[in-house]
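To start, the structure under review is shown below, and the notes come after it.
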Amino acid sequence: LDIAVNTVRNHVRNILEKLGLRNRVQAAVYAVRYGLFSGDSP
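See below:
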């Protein structure tokens with residue numbers, strides 16, 4: 158994909174805000190807790 162770094166940052170920031178999370182670590186915990194990531198993916 159050819160997208161700008163700032164675009165990714167904006168998307169991540171918006172996702173964190175909508176979920177009420179402070180950082181990517183909290184997002185990872187959220188994903189595992191709610192079954193969005195199982196850890197089996199490469």
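Going by my numbering, the sequence shown wraps up at 199, each residue one higher than the last. Ideal placement from N, C-alpha and C gives every residue a C-beta, glycine not left out. Only a predicted model underlies this, so the values are computations on that prediction, with no experimental measurement involved.
Just the Cα atoms here: how many angstroms apart are Gly192 and Val186? 10 Å
So Leu158 is in the alpha helix (DSSP H); what residue range does that whole segment cover? Run containing Leu158: none; DSSP gives neither H nor E here.
CA-to-CA distance, Thr164 to Leu178, given in whole angstroms: 19 Å
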